[in-house]
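Accompanying notes for the structure given below.
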Amino acid sequence: MASKTEDYIKYLTERVVAYMDTPPEVRKEQRILHKSTRMPWHVRWFGMIPLSIAIWWKRRRERKAQRQKTSPHDS
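Residue numbers 1269 to 1343, in the numbering used here, belong to the letters of the sequence shown in order.
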């Protein structure tokens, strides 16, 4: 058990030292890059459900518009 704790402390120390050694400009660029590449909040929180609902709703509107165009009552 003590070995795992020591290894973890060593890992954390290495990470902190690496963080402190990188210039602030590089850290800021990395932060901006990370934020730009992550998934939108609704996907991270709810998964694919919002996307599937959006696709369903769009198709529903398109079908409704298509039915209104080809309706025989438009004479």
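Glycine included, every Cβ here is placed at the ideal spot set by N, Cα and C. Model, not experiment: these values are computed from the prediction.
Quiz prompt | Cα-Cα separation between Leu1280 and Thr1290, rounded to whole angstroms | solution = 16 angstroms
Exercise. Mind reading off the beta-carbon distance from Leu1301 to Val1311? Whole number of angstroms is fine, and I expect it under 8 angstroms.
Key: Contact flag wrong, Cβ pair sits at about 19 angstroms.
Exercise. Hey, could you find the ends of the alpha helix (DSSP H) Ser1247 is sitting in?
Key: What the structure shows of the chain is the stretch from 1269 to 1343, and residue 1247 is not part of that stretch, so it cannot be assessed.
Quiz item: Hey, how far is the Cα of Arg1335 from the Cα of Ile1321?
Solution: 21 angstroms
Quiz prompt | Simplified DSSP assignment, three categories, for Met1307 | solution = coil
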